[in-house]
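Numbering (the working numbering), first residue to last: 4 to 798.
To start, the structure under review is shown below, and the notes come after it.
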């Protein structure tokens with residue numbers, strides 16, 4: 004490339020400070036400290052300016068145009084979309100940033116991973132990928148640098164095209180998705196990328212996290228990163244904030260608080276080492292990435308003290324820089340004052356803006372050749388970065404001891420989870436471990452895990468289970484801790500939280516679930532080990548607290564997602580809890596919510612029964628199907644206890660019934676597409692467990708309505724099924740009080756059975772029990788003693 008990089012190109016102009024910084028890079032090349040010679044580095048710098056302009060030009064066309072013209076001829080009215088759409092201003096800014104990221108990779112000879120917090124700026128990524136030819140498998144052959152290929156790209160963007168079976172018909176979306184080459188996360192839930200990026204790269208790996216000042220308001224930026232980063236188990240993660248000062252329709256909070264100076268002070272107080280860039284210049288980004296990694300290398304060599312002052316790139320810029328409408332509220336979406344399809348003034352403005360960004364085809368081809376250093380440097384394409392192609396070997400799962408074999412009081416399910424997970428952690432020292440814990444791991448019956456892995460802190464307190472390199476990420480911030488395990492896709496993870504407060508994790512969980520599910524749909528299943536989220540101190544056990552602590556919404560919400568990717572499991576005892584944990588860790592690319600009791604409710608299943616129940620999704624634990632006049636179906640530990648008590652009462656009065664325990668309700672839903680259907684129980688299993696014509700009483704941990712909707716395959720109508728569950732009633736009560744308040748006791752189950760199965764026998768309930776369930780008596784007469792061991796052999 005003959006043009007000198009100092010001249011800039013199109014709308015790209017280098018400040019004096021940036022030129023001096025880039026001269027330092029060239030001096031490093033001259034000394035042999037970069038992956039390129041000095042002339043090669045100069046060519047890369049000049050090429051980057053040209054690629055940035057071309058990408059911005061293409062972003063503008065993706066929003067407004069139906070076609071591109073590689074001659075640079077102005078477009079006419081019919082060349083524009085009748086209904087343009089796009090997050091144009093942020094995408095224009097990101098095109099500059101992403102071009103700089105590519106330059107840093109070429110200069111250093113390292114392919115970095117990237118993540119995009121502002122996933123709606125995907126047009127920038129897709130534009131650069133298409134121009135460089137580094138597209139995903141689903142895009143290959145459809146989008147390329149030819150006029151036809153670029154025209155297909157701009158036409159597909161926001162085309163809303165759909166296949167006959169209701170799926171997107173083009174490999175392009177409004178946000179980052181698995182069609183986006185190299186993408187890790189949708190970035191649709193603003194703020195989560197800033198909490199996850201520090202946990203993503205392994206030692207020796209590098210990642211750049213592009214963040215937005217608007218998303219900063221969601222989580223106050225990645226304030227936790229210096230607290231968690233350690234040289235011993237963390238790679239180089241560089242945050243780069245695009246500071247354009249605008250949200251959708253007003254200035255950002257940073258801008259209102261005092262702008263750049265305020266942000267620098269804020270980050271310094273949070274333990275960061277801010278580095279200011281020129282957000283209008285891709286080469287400033289390239290220098291910043293290399294400079295940040297130089298400082299990280301120094302921190303790695305020192306390995307302390309902690310918290311380390313992590314570099315944080317800040318790139319002030321005008322939103323939508325380089326195109327008409329920059330700096331206005333319009334820049335967020337449609338920066339022009341009108342629609343070029345119908346408005347001559349807007350059309351003229353578009354063509355003028357496009358002319359300033361236009362890069363002739365031969366100039367662009369030369370630029371791409373200069374940036375295509377992968378083969379010579381022996382490195383992978385950006386689409387194949389380490390984080391994007393994770394394929395973690397399955398963990399070794401040592402056998403766990405069966406519970407229920409002695410006369411001693413049994414362990415609670417969480418005691419067994421603790422022993423089981425600690426054993427798995429010891430058996431897999433090659434996997435980086437993250438345990439997400441908002442608080443109270445010991446009170447959740449996990450002391451072995453706590454003593455083995457320890458809270459990660461900067462200065463351990465003597466006599467406490469804390470360590471500088473601890474693997475337990477603890478903060479009273481559910482979003483921050485769940486992000487630690489969701490970011491750690493290279494390792495082994497566990498999250499433990501109160502059921503009610505785990506609701507605050509839902510947005511982060513759903514973002515992972517839908518991204519992983521889309522990967523499956525595209526035939527590229529994710530390779531990370533499935534993540535269990537244990538919801539303990541759950542709705543029924545947290546009776547002692549007020550109703551804010553009594554909330555089954557999390558499992559209900561997750562049951563709304565595709566059950567092959569979002570699993571919801573209700574273990575009832577030690578054996579089923581251990582089997583559930585093993586089942587999750589054998590999976591890939593799944594989020595699994597395990598709703599587990601931490602009180603002793605007895606051993607209801609043998610180890611063999613538990614294994615069968617997890618394999619099928621349900622198991623009959625009492626009674627005979629052929630003679631039963633009613634079937635009690637239990638979902639949840641306390642619901643199983645009440646169902647067994649109801650069964651015992653009927654048996655004691657000469658009425659045959661049976662009890663079927665459902666551990667994974669999603670296995671018995673009607674599959675909504677072929678992938679989910681393949682994960683559900685076949686019809687013959689459903690009929691064997693739930694024979695047609697048998698009246699049923701459903702006792703569920705959740706609210707009854709969502710569960711009855713889910714289980715339509717076993718629901719033969721209101722005349723054949725009654726559901727008892729959480730009625731959104733609670734307060735400061737005990738467990739029997741919660742069951743009574745929500746009409747979920749064994750006596751309520753017996754009463755429902757009498758009504759639905761036509762049981763006219765007197766004496767099934769005493770007069771006092773009748774008065775209690777009718778609300779006219781003493782609820783305490785319904786209290787029962789929980790069983791210690793109950794493992795009937797049921798054929």
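We put the beta carbon where it would ideally sit given N, CA and C, even for glycine.
| Asked | Found |
| --- | --- |
| Excluding the 5 residues preceding and the 5 following residue 453 in the sequence, name in chain order all residues of the same chain whose CB lies nearer than 6 Å to its CB. | 444, 445, 468 |
| At the level of alpha carbons, what is the spacing between residue 611 and residue 665? | 16 Å |
| Mind the definition here: the segment 582 to 599 touches the segment 556 to 567 only if three or more C-beta pairs lie below 8 Å; say whether that holds. | yes |
| Please give me, in chain order, every unbroken run of the beta strand (DSSP E) with length at least 3 that falls completely inside the segment 528 to 554. | 534 to 539 |
| From residue 48 to residue 424, what does the alpha carbon distance come to, in whole angstroms? | 50 Å |
| Tell me the residue span of the alpha helix (DSSP H) that contains residue 60. | 41 to 67 |
| Would you kindly work out how many angstroms separate the C-alpha atoms of residue 368 and residue 10, rounded to a whole number? | 19 Å |
| Measuring straight from C-alpha to C-alpha, what distance separates residue 348 and residue 28? | 44 Å |
| If we ignore side chains and look at the alpha-carbon of each, how far apart do residue 569 and residue 516 end up? | 6 Å |
| Starting from residue 661, follow the beta strand (DSSP E) in both directions and report where the run begins and ends. | 660 to 665 |
| Please report the straight-line C-alpha distance between residue 330 and residue 619, rounded to a whole angstrom. | 58 Å |
| How would you write the range of the alpha helix (DSSP H) that residue 242 sits in, first residue to last? | That residue, residue 242, is in no alpha helix (DSSP H); its beta strand (DSSP E) goes 239 to 246. |
| Hey, could you find the ends of the alpha helix (DSSP H) residue 682 is sitting in? | 677 to 682 |
| Go ahead and pull the three-state DSSP assignment for residue 219. | helix |
| Between residue 679 and the ligand PLP, is the CB less than 7 Å from at least one heavy atom? | For the ligand PLP, the structure offers nothing, since it holds no ligand at all. |
| Going by DSSP in three states, residue 83 sits in which element: helix, strand or coil? | strand |
| For the pair the segment 457 to 465 and the segment 352 to 367, tell me if three or more CB-CB distances fall below 8 Å. | no |
| With distances taken from CA atoms, which of 126, 170, 687 is nearest residue 156? | 126 |
| Could you work out which residue in 738, 385, 660 is closest to residue 759 when comparing CA atoms only? | 660 |
| Whole angstroms are fine: how far does the CA of residue 576 sit from the CA of residue 791? | At residue 791, the pLDDT of 45 sits below 50, so the modelled position is not reliable; the number obtained from the coordinates is stated separately. Each residue's alpha carbon lies about 11 Å from the other. |
| For the putative contact between residue 115 and residue 229, defined by C-beta atoms under 8 Å, what is the C-beta separation to the nearest angstrom? | Between residue 229 and residue 115 the Cβ distance is about 20 Å, and since that is not below 8 Å, they are no contact. |
| Kindly indicate which three-state DSSP category residue 715 falls into: helix, strand or coil? | helix |
| Compare the Cα-Cα distances from residue 203 to each of 360, 495, 31 and report the closest residue. | 495 |
| Between which residues of its own chain and residue 190 is the CB-CB distance below 7 Å, once the five residues before and five after are set aside? | 119, 120, 121, 122, 178, 179, 196 |
| Would you tell me roughly how many angstroms separate the C-alpha atoms of residue 550 and residue 139, rounded to the nearest one? | 48 Å |
| Could you name the residues of the same chain whose beta carbon sits closer than 8 Å to that of residue 779, not counting the 5 residues immediately before and after it, in chain order? | none |
| Quick check on the burial criterion: 16 or more other C-beta atoms within 10 angstroms. Buried or exposed for residue 65? | buried |
| How far does the beta strand (DSSP E) with residue 117 in it reach, from first residue to last? | 116 to 119 |
| What residues in its chain sit with their C-beta under 6 Å from that of residue 582, if we drop five residues either side in the sequence? | 613, 614, 617 |
| Check whether the Cβ atoms of residue 398 and residue 456 sit closer than 8 Å, and answer yes or no. | no |
| Exposed or buried, residue 163, counting other C-beta atoms within 10 Å across all chains shown (16 or more means buried)? | exposed |
| Applying the criterion that 16 or more other CB atoms from any shown protein chain within 10 Å of the CB defines a buried residue, is residue 754 buried or exposed? | buried |
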